[in-house]
Amino acid sequence: NAGVTQTPKFRILKIGQSMTLQCTQDMNHNYMYWYRQDPGMGLKLIYYSVGAGITDKGEVPNGYNVSRSTTEDFPLRLELAAPSQTSVYFCASSLIGTGADSPLHFGNGTRLTVT
Amino acid sequence: RKEVEQDPGPFNVPEGATVAFNCTYSNSASQSFFWYRQDCRKEPKLLMSVYSSGNEDGRFTAQLNRASQYISLLIRDSKLSDSATYLCVGVRGYQKVTFGTGTKLQVIP
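Here it is, written out as structure tokens:
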């Protein structure tokens, strides 16, 4: 049981380049999330999805896009990379939203540097 | 004011010591609370849920005080392996999940 799998683990982008961060989960969770974590800051929600075909903006969605064509996959797209997007990105999933019986399960993270 | 606030630390404690962290939250609509543990350069992992009645898991005790809007985590008999950053998390509804910035704990031999 792999849980939440993210790829790549590391990536360096030049300003203006595009890339997709991949996230897949094999727990049949309905909810999936993308967070970014900057040094000394809490995790900030970028986008989330409550099920296949449904996505919604989180706290810091600008510069990102997502899709949820299947229950398992929730890719995050950066269209025009900017230095401000240098961060560690975490994908997470939960069964029915986040509650006492439905904690967040995180992937290992993607360390992205934009120069 | 941040919705969830924590003392960033670091808390440097000797092995065997008892250490307590507090976390305050500003939105009284927050319904569920958790403590997550994050090791250096790793993903957060659920440590325990927090209930008003208090809950204990081995050496760890969590408590929620809704009247004062704070959450606490007590670690007894600290081990070197407890060294990590502890994240306080508040949840409103199912999607509004707010993480604190974390409290760093360093257990010293």
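So the sequences go chain by chain: A and B.
Each residue of the first sequence is one higher than the one before, starting from 1 at the first, in the numbering used here.
Each residue of the second sequence is one higher than the one before, starting from 1001 at the first, in the numbering used here.
All C-beta atoms, glycine included, are put in the ideal place defined by N, C-alpha and C.
Quick check on Ser1052/B - is its C-beta less than 9 angstroms from some C-beta in chain A?
no
Output the distance between the C-alpha atoms of Phe106/A and Tyr89/A, rounded to the nearest integer angstrom.
10 angstroms
In or out: Arg1041/B buried (at least 16 other Cβ within 10 Å) or exposed?
exposed
Going along the chain, which residues of its own chain have a beta-carbon closer than 6 angstroms to the beta-carbon of Val1004/B, five neighbours each way excluded?
Tyr1025, Cys1088, Gly1090, Thr1098 and Gly1100
Selection from Lys57/A, Ile96/A, Glu72/A and Arg36/A that minimises the alpha carbon distance to Thr5/A
Glu72/A
Give me the residue from Arg1066/B, Tyr1086/B and Gly1093/B with the minimum Cα distance to Leu1020/B.
The question names Leu, but residue 1020/B in the sequence shown is Ala. Ala1020/B has its Cα closest to that of Tyr1086/B, out of Arg1066/B, Tyr1086/B and Gly1093/B.
How about Glu1043/B: is its C-beta nearer than 9 angstroms to some C-beta of chain A?
yes
Which of the three DSSP states is assigned to Pro103/A in this structure?
coil
Considering Cα atoms alone, identify which of Ser1028/B, Ser1030/B and Met1048/B is closest to Tyr1036/B.
Met1048/B
Under the rule that 16 or more other beta-carbon atoms within 10 Å means buried, what is Pro1044/B, buried or exposed?
buried
Leu1105/B burial status per 10 Å Cβ neighbour count (16 or more: buried):
buried
Can you tell me where the beta strand (DSSP E) holding Arg1066/B begins and where it ends?
It is not in any beta strand (DSSP E) - Arg1066/B carries neither H nor E in the DSSP assignment.
In chain A, which residues lie with their C-beta within 9 angstroms of the C-beta of Gly1090/B?
Simply none; closest approach about 10 angstroms.
In the DSSP assignment, find the unbroken beta strand (DSSP E) run with Pro1014/B in it and report its ends.
Phe1011 to Pro1014
So which of Ala1067/B, Asp1077/B and Gln1069/B has the shortest CA-CA distance to Thr1061/B?
Asp1077/B
Quick one: Cα of Ala1084/B to Cα of Pro103/A, how far?
19 angstroms
Taking the alpha-carbon of Gly1016/B as reference, which of Ser1053/B, Phe1034/B and Lys1079/B has the nearest alpha-carbon?
Lys1079/B
I'd like to know if Phe1011/B contacts chain A, where contact means its C-beta is closer than 9 angstroms to some C-beta of that chain.
no
State buried or exposed for Gln85/A, treating a residue as buried only when at least 16 other CB atoms are found within 10 Å of its CB.
buried
From the beta carbon of Tyr33/A, is the nearest beta carbon of chain B less than 9 angstroms away?
yes
From Gly109/A, Thr115/A, Arg11/A and Gly53/A, pick the residue whose C-alpha is nearest to that of Tyr35/A; which is it?
Gly109/A
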